[in-house]
Amino acid sequence: MLLTHWNQILDNILPDESSETLISEIFVRPLINALGFNDKERFPQFPTAHGTVDFAVRKNTDGDIFLFSKSNPYLLIEVKARATGTGARFNLSEGTPQYINTREQIKKYLLDSKCNTSQWGIITDSVYIQLFRRHGKVIFPATPNSLIKKESINTIVSDVKHLIDNPPKALTVCVYNNKGGVGKTITTVNLAATLAQQGKQVLVIDFDPQQGDLTKSLGLEVRKISLYDCLSDRKLNVHDTIQAFKVKFKSGQLFQFDVISADPKLVDFTEQDLATRIEKGAARLKDTLKPLVYEYDYIFIDCPTNWMFFSQSSLYACDVVLIPTKHNNLASLNNAAKVIKELVPKVKAARQDGGPIALPIFFNGENITPPQLKIANQEIEAIITRESEASNFNLRPYFYPNNHTKIFSLPSYAIIASGAFARIPAAFTHCIATNYYLDLAKEYFIA
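In the working numbering, the protein residues as written are 132 to 578.
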């Protein structure tokens, strides 16, 4: 769409008075066309169990015109007015109550049973626009919440169209807490094993070169070309760092996930060395992994606890952060709050692409008695209250999502921890462990 056309469209929208109907007609319909969909590939007022989304969109196929079949939507669009019926301005800028409510609204639509095929959602009031991506049960920003200006509208639409036309396959997950001893590595390898058993293509990255526990637990060595080599030399192919971890059962059944091993060479470098040797610093890992997001269903990154180059790079490269905690370890709860409130927003501000986001915490591998749970909940309430009063930051959705009062808990099972000695994740060999981690995968990832 020509810039002059967008200028005319934006000029026709009254800044403080535009209704949802007017914005839908003047702005959203041309937007849908600019994204490559014709009039028969969109359906207005698409009904779901969670209400009516303003537009559902999908490319037509032979014999299936979406306008008529209304089946298998691909993109959902929620439109907001610039003012309410009382004339009060509707502010869709990030962080406002209207933005938060609209974001939650598009999430519910995308997860609705009538929208199982939907991969993308857009919220807009013609002042702001943001694209969200769905991967299984996870909804996360694919672009920043962009302020629409005449000089930027073409770039914004072009970026959204490129993502919709070229959807990544993988969800990239950093398993992180700014506190050790919470079971990050065990969680990573067993989730990988469980998802592999579900037929998913999974890559695991050990980005903790000092410990290298994930690599050791699987009995692997670094390959001739390492991750550091690819970080420092753009001409190298990251595929050459990958090796398969396979488990074959007596029945002949074979399960596999892929691994990028920890690189011992990285231990010898200081933070200053890494900043000097690796172009773009902590942002480089995301670029290096970019070809792989079109090949795997899940990419898990295991990184060290300390907030340094490796953990910063891991959060910079991921879509979402999965945060294990211990119910009986106050430091792990406080540090989880720090990750959510300080570290994720810091990386998000640096990336300027909408991500990453933090997933709700979970209790990892401990049996919890009712008195212990009561104490943990009291401490969590104190943390939520403290942060709300100090900075008006709402931690509640990250501890108690969907207005629930219960935090997901992964039970203790001795075989899980001893899996490292067997060099095989417990989820591959023990049905109890498999079921535990399948429950975890269903809680966070599998729709």
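Don't be surprised by glycine CBs; every beta carbon is placed ideally from N, CA and C.
Asked	Found
Rounded C-alpha distance that separates Val188 from Gln250	11 Å
Opposing strand residues paired with Leu334 [DSSP bridges]	Asp389 and Ile430
Per-residue DSSP class, three states only, for Ser277	strand
Same chain, Cβ closer than 6 Å to Thr316, neighbours up to 5 away in sequence not counted	Asp344, Leu345 and Asp433
8 Å CB neighbourhood of Ile144 in its chain, flanking five on each side removed	Leu153, Ile154, Ile157, Phe158, Arg213 and Ser257
Contact set for Asn415: own chain, Cβ-Cβ below 6 Å, skip 5 residues either direction	In the sequence as presented, Asn is not what sits at residue 415; that position holds Arg. Excluding residues within five positions, the ones whose Cβ falls inside 6 Å are Leu362 and Ile409.
Sequence ranges, beta strand (DSSP E) only - wholly within the segment 227 to 308, length at least 3	251 to 255, 259 to 266, 269 to 272 and 302 to 306
Spatially closest choice to Arg173 from Glu148, Asp147 and Lys201, by CA coordinates	Lys201
Proximity to Thr303 [Cα-Cα], best of Asp147, Ala462, Lys417 and Ile140	Lys417
Cβ separation of Gly314 and Pro455, assumed to be a contact under 8 Å, to the nearest whole Å	5 Å
Residue of Ser277, Lys300 and Lys281 minimising C-alpha distance to Asp290	Ser277
Counted within 10 angstroms of its Cβ, other Cβ atoms place Arg264 as buried (16 or more) or exposed	buried
Euclidean distance between Cα positions of Ser463 and Lys457	6 Å
Given 8 Å, three or more beta-carbon pairs between the segment 528 to 542 and the segment 491 to 498	yes
Chain-order list of residues whose beta-carbon lies under 7 Å from that of Pro299 (same chain, five-residue window excluded)	Val424 and Tyr425
Cα-Cα separation, Leu351 to Thr436	22 Å
CB-CB length for Pro340 against Asp394, believed under 8 Å	5 Å
Phe400 - partner residues in DSSP beta bridges	Answer is none; Phe400 lacks a bridge partner.
Residue range of the unbroken alpha helix (DSSP H) whose run includes Asp185	Per DSSP, Asp185 belongs to no alpha helix (DSSP H); it is in the beta strand (DSSP E), Gly182 to Val188.
Terminal residues of the alpha helix (DSSP H) in which Gln443 lies	Phe440 to Ala448
Cβ-based burial, Lys211 [other Cβ within 10 Å; buried from 16]	buried
Among Leu322, Ser442, Ala513 and Asn495, nearest to Asn465 - alpha-carbon criterion	Ala513
Residues near Asp360 in its chain [Cβ-Cβ closer than 6 Å; skip 5 each side]	Leu367
Ile492 in three-state terms, based on DSSP	coil
Own chain, CB closer than 6 Å to Ile254, minus 5 neighbours either side, in chain order	Glu209, Thr233, Ile237 and Gln261
Span separating the alpha-carbon of Lys472 from that of Phe524	7 Å
Under 8 Å between C-beta atoms of Gln503 and Asn459	yes
Beta carbon of Asp428 nearer than 8 Å to that of Val320	no
Boundaries of the beta strand (DSSP E) in which Ile208 is found, first to last residue	Leu206 to Val210
Contact between the segment 559 to 576 and the segment 476 to 486 (3+ Cβ pairs under 8 Å)	no
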